[in-house]
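2 protein chains.
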Amino acid sequence: MEHGRVSMKVSLNQKILSRNDQCALNNRDYFAKNGTLCLNVISSPGSGKTTLLARTIQDMQGRLTIAVVEGDIRTDHDAQRIRQTGAEAVQIETEGACHLSAGQVGTALRQMKAKEKDVIFIENVGNLVCPSAFDLGEAGRVVLLSIPEGDDKPAKYPGTFAGAEIILINKIDLMDYIEFRLERVLADIHAVNPDATVLQVSATTGQGLEAWYDWLIDRRKAAAQRS
Amino acid sequence: MEHGRVSMKVSLNQKILSRNDQCALNNRDYFAKNGTLCLNVISSPGSGKTTLLARTIQDMQGRLTIAVVEGDIRTDHDAQRIRQTGAEAVQIETEGACHLSAGQVGTALRQMKAKEKDVIFIENVGNLVCPSAFDLGEAGRVVLLSIPEGDDKPAKYPGTFAGAEIILINKIDLMDYIEFRLERVLADIHAVNPDATVLQVSATTGQGLEAWYDWLIDRRKAAAQRS
Numbered sequence: 286m287e288h289g290r291v292s293m294k295v296s297l298n299q300k301i302l303s304r305n306d307q308c309a310l311n312n313r314d315y316f317a318k319n320g321t322l323c324l325n326v327i328s329s330p331g332s333g334k335t336t337l338l339a340r341t342i343q344d345m346q347g348r349l350t351i352a353v354v355e356g357d358i359r360t361d362h363d364a365q366r367i368r369q370t371g372a373e374a375v376q377i378e379t380e381g382a383c384h385l386s387a388g389q390v391g392t393a394l395r396q397m398k399a400k401e402k403d404v405i406f407i408e409n410v411g412n413l414v415c416p417s418a419f420d421l422g423e424a425g426r427v428v429l430l431s432i433p434e435g436d437d438k439p440a441k442y443p444g445t446f447a448g449a450e451i452i453l454i455n456k457i458d459l460m461d462y463i464e465f466r467l468e469r470v471l472a473d474i475h476a477v478n479p480d481a482t483v484l485q486v487s488a489t490t491g492q493g494l495e496a497w498y499d500w501l502i503d504r505r506k507a508a509a510q511r512s
Numbered sequence: 286m287e288h289g290r291v292s293m294k295v296s297l298n299q300k301i302l303s304r305n306d307q308c309a310l311n312n313r314d315y316f317a318k319n320g321t322l323c324l325n326v327i328s329s330p331g332s333g334k335t336t337l338l339a340r341t342i343q344d345m346q347g348r349l350t351i352a353v354v355e356g357d358i359r360t361d362h363d364a365q366r367i368r369q370t371g372a373e374a375v376q377i378e379t380e381g382a383c384h385l386s387a388g389q390v391g392t393a394l395r396q397m398k399a400k401e402k403d404v405i406f407i408e409n410v411g412n413l414v415c416p417s418a419f420d421l422g423e424a425g426r427v428v429l430l431s432i433p434e435g436d437d438k439p440a441k442y443p444g445t446f447a448g449a450e451i452i453l454i455n456k457i458d459l460m461d462y463i464e465f466r467l468e469r470v471l472a473d474i475h476a477v478n479p480d481a482t483v484l485q486v487s488a489t490t491g492q493g494l495e496a497w498y499d500w501l502i503d504r505r506k507a508a509a510q511r512s
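As given, the protein sequences belong to chains C and X, one line each in that order.
When you read off a place in the first sequence, starting at 1, and then add 285, the result is the number in our numbering.
When you read off a place in the second sequence, starting at 1, and then add 285, the result is the number in our numbering.
Given below as structure tokens:
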């Protein structure tokens with residue numbers, strides 16, 4: 286049904302893709318002008334994106350000013366969770382669409398004090414396939430893979446892992462309860478994306494997050510210097 | 286990238302959707318003629334679809350003859366896992382596409398001894414959004430939700446849960462290690478799909494699978510009687 290609705294609107298996909306790219310260009314210019322680091326966060330449903338972002342906002346308080354653009358098919362639960370940390374969040378409900386578009390992100394940016402932020406995370410719709418095909422104007426992509434999803438995912442969804450600047454292997458605290466061959470995952474990631482930073486973390490227990498925060502602060506510094 | 290490739294092929298989506306529906310109709314006729322029960326299995330990546338199907342095949346040996354059409358963006362790992370049980374499996378690699386189409390399923394059926402099967406499972410691409418929009422000619426849909434994905438998924442992905450005949454809450458053995466409000470999930474499922482059968486199972490430990498097997502045997506009987 287969702288696809289049906291989307292399809293009806295899309296008579297010439299090439300044109301629509303170009304429009305997305307144009308909006309992405311506008312977003313990218315806007316971020317560059319303000320020295321804001323924008324990261325597009327992509328994963329399966331339930332890999333822990335919102336938990337990671339809420340904890341990151343809390344742990345970075347006083348060091349980085351962060352806001353979040355939330356994408357979900359339905360509900361504003363995630364934006365509410367982010368706002369509970371005191372940070373600004375704008376929810377986009379895609380109403381069936383399987384990914385965010387650059388135009389939607391542009392609209393969300395106008396609804397927040399985007400210029401004042403050091404980092405803006407875009408939490409994409411939970412989907413390990415479609416979001417990776419759409420540029421939102423981000424500086425880089427954060428891909429999450431959680432332990433319970435299994436160690437075959439980088440091999441089965443290579444496109445998304447190939448496009449990541451940093452890959453967080455999340456829910457590492459569940460390693461004791463689930464069979465997960467970490468070496469296989471690392472090898473499969475390396476095969477499609479040898480340059481990615483790969484970290485093992487638990488957004489729930491906090492394990493491994495210091496390395497993520499160091500990466501984030503360095504990455505934001507680089508973005509600010511370029512502006 | 287994946288979407289880009291798909292988009293180039295689709296100049297008139299309405300026409301393509303109709304073609305999918307025509308292929309679905311052919312598949313449905315074929316299953317009805319043979320008294321085969323076809324079930325379309327949909328979930329996020331890593332909810333345990335393949336583990337469930339491999340165990341079901343083994344536990345139903347001598348009672349139901351089962352085959353599987355496997356959908357993945359890349360690799361034939363899942364078909365290999367199914368074949369290890371002794372069952373027939375055909376792998377479709379979608380090469381970027383986020384769901385299976387009825388035409389792909391029709392092609393796969395011609396590559397197996399489909400007429401001899403009591404039950405054919407179609408394991409769709411791991412994606413909680415797009416597969417629900419495409420009829421494959423199945424008699425019904427099995428949707429899996431695993432405990433680690435979190436209790437907010439039926440509210441956030443209502444379309445997929447609304448279209449299910451049976452919903453399996455999987456990895457119930459992980460309930461002790463993860464915060465998961467089962468009552469909330471049951472209420473949210475009921476709100477969008479009051480008629481669905483909802484079972485709590487663990488495909489790994491076997492917990493709750495007897496109810497799933499009873500449902501499967503009854504459902505196959507009904508399909509055979511109608512043929």
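Don't be surprised by glycine CBs; every beta carbon is placed ideally from N, CA and C.
All of these numbers come straight from a predicted model, not from anything done at the bench.
Candidates the options, of which the one nearest residue i by Cα
{"i": "valine 428 of chain X", "options": "X:Asn409, X:Leu421 and X:Gly422", "result": "X:Asn409"}
{"i": "arginine 505 of chain C", "options": "C:Lys456, C:Thr335 and C:Met345", "result": "C:Met345"}
{"i": "glutamine 389 of chain C", "options": "C:Val354, C:Asp403, C:Leu349 and C:Gly411", "result": "C:Val354"}
{"i": "leucine 413 of chain C", "options": "C:Pro330, C:Asn312 and C:Ala374", "result": "C:Pro330"}
{"i": "lysine 398 of chain C", "options": "C:Cys308, C:Leu494 and C:Thr321", "result": "C:Thr321"}
{"i": "leucine 385 of chain X", "options": "X:Tyr462, X:Asp306, X:Leu501 and X:Leu471", "result": "X:Asp306"}
{"i": "glutamine 376 of chain X", "options": "X:His362, X:Thr370 and X:Thr489", "result": "X:His362"}
{"i": "arginine 313 of chain X", "options": "X:Leu501, X:Leu494 and X:Leu394", "result": "X:Leu394"}
{"i": "glycine 381 of chain X", "options": "C:Ala364, C:Lys318 and C:Ser417", "result": "C:Ser417"}
{"i": "serine 303 of chain C", "options": "C:Phe419, C:Leu501 and C:Asn319", "result": "C:Phe419"}
{"i": "phenylalanine 406 of chain X", "options": "X:Ile327, X:His475, X:Cys383 and X:Gln510", "result": "X:Ile327"}
{"i": "cysteine 308 of chain X", "options": "X:His475, X:Gly444 and X:Thr392", "result": "X:Thr392"}
{"i": "asparagine 325 of chain X", "options": "X:Glu495, X:Ala509, X:Ala449 and X:Leu494", "result": "X:Ala449"}
{"i": "valine 315 of chain X", "options": "X:Ala387, X:Thr370, X:Leu337 and X:Thr360", "result": "The sequence shown places tyrosine at residue 315 of chain X, not valine. Per the Cα distances, X:Ala387."}
{"i": "arginine 426 of chain X", "options": "X:Cys383, X:Asp480 and X:Thr360", "result": "X:Asp480"}
Local Cβ density within 10 Å of residue i, reported as buried at 16 or more and exposed below that
{"i": "proline 433 of chain C", "result": "buried"}
{"i": "lysine 456 of chain X", "result": "buried"}
{"i": "glutamate 287 of chain C", "result": "Note that glutamate 287 of chain C scores 41 on pLDDT, short of 50, meaning its location in the model is unreliable; the coordinates nonetheless yield the value given after this. Its Cβ being crowded by 16 or more others within 10 Å, glutamate 287 of chain C is buried."}
{"i": "serine 332 of chain X", "result": "buried"}
{"i": "glutamate 401 of chain X", "result": "exposed"}
{"i": "arginine 348 of chain C", "result": "exposed"}
{"i": "glutamate 495 of chain X", "result": "exposed"}
{"i": "leucine 310 of chain C", "result": "exposed"}
{"i": "alanine 339 of chain X", "result": "buried"}
{"i": "aspartate 403 of chain X", "result": "buried"}
{"i": "aspartate 461 of chain C", "result": "exposed"}
{"i": "alanine 508 of chain X", "result": "buried"}
{"i": "glycine 289 of chain C", "result": "In this prediction, glycine 289 of chain C has a pLDDT of 42, which is less than 50 and means its spatial position is unreliable; nothing more can be read from the coordinates."}
{"i": "glutamine 510 of chain X", "result": "exposed"}
Chain-order list of residues whose beta-carbon lies under 6 Å from that of residue i (same chain, five-residue window excluded)
{"i": "leucine 453 of chain C", "result": "Leu429, Leu484 and Val486"}
{"i": "alanine 317 of chain C", "result": "Ser512"}
{"i": "threonine 335 of chain X", "result": "Asp363 and Arg366"}
{"i": "aspartate 436 of chain X", "result": "Phe465, Arg466, Arg469 and Val470"}
{"i": "asparagine 319 of chain X", "result": "Lys400"}
{"i": "leucine 337 of chain X", "result": "Ala488"}
{"i": "proline 443 of chain X", "result": "Val477"}
For residue i: DSSP bridge partner residues
{"i": "leucine 494 of chain C", "result": "Looking at the DSSP assignment, leucine 494 of chain C forms no beta bridge with any residue, so it has no partner."}
{"i": "threonine 489 of chain X", "result": "Bridge partners of threonine 489 of chain X: none, in fact."}
{"i": "asparagine 455 of chain X", "result": "X:Ser431"}
{"i": "valine 527 of chain X", "result": "For chain X, the structure presents residues 286 to 512; residue 527 of chain X sits outside this window and is missing."}
{"i": "alanine 352 of chain X", "result": "X:Glu373 and X:Ile405"}
{"i": "isoleucine 327 of chain C", "result": "C:Val428"}
{"i": "leucine 322 of chain X", "result": "X:Val404"}
{"i": "leucine 484 of chain C", "result": "C:Leu453"}
{"i": "glutamate 378 of chain X", "result": "X:Asp357"}
Residues of its chain near residue i, where Cβ-Cβ distance is below 8 Å and the 5 sequence neighbours each way are ignored
{"i": "alanine 447 of chain X", "result": "Val477 and Asn478"}
{"i": "threonine 379 of chain X", "result": "Gly356, Asp357, Ile358, Leu385, Gln389 and Val410"}
{"i": "aspartate 503 of chain C", "result": "none"}
{"i": "isoleucine 463 of chain X", "result": "Ile432 and Pro433"}
{"i": "tryptophan 500 of chain C", "result": "Ile451, Thr482 and Leu484"}
{"i": "threonine 445 of chain C", "result": "Ile327, Leu413, Val414, Pro416, Ser417 and Val428"}
{"i": "histidine 475 of chain C", "result": "none"}
Chain-order list of residues whose beta-carbon lies under 7 Å from that of residue i (same chain, five-residue window excluded)
{"i": "alanine 440 of chain C", "result": "Asp473"}
{"i": "glutamine 492 of chain X", "result": "Ile457, Asp458 and Val486"}
{"i": "alanine 372 of chain X", "result": "Ile342, Ile351, Ala352 and Val353"}
{"i": "glutamate 423 of chain X", "result": "Cys323, Leu324, Asn325 and Ile407"}
{"i": "arginine 368 of chain C", "result": "Ala374"}
{"i": "tryptophan 497 of chain X", "result": "Leu453, Leu484 and Val486"}
{"i": "leucine 421 of chain X", "result": "Ala309, Asn312, Asn325, Leu385, Ala387, Val390 and Ile407"}
Short-range partners of chain A found in the segment 369-381 of chain C, where Cβ spacing is below 7 Å: Absence of chain A from the displayed structure is noted, the protein chains being C and X.
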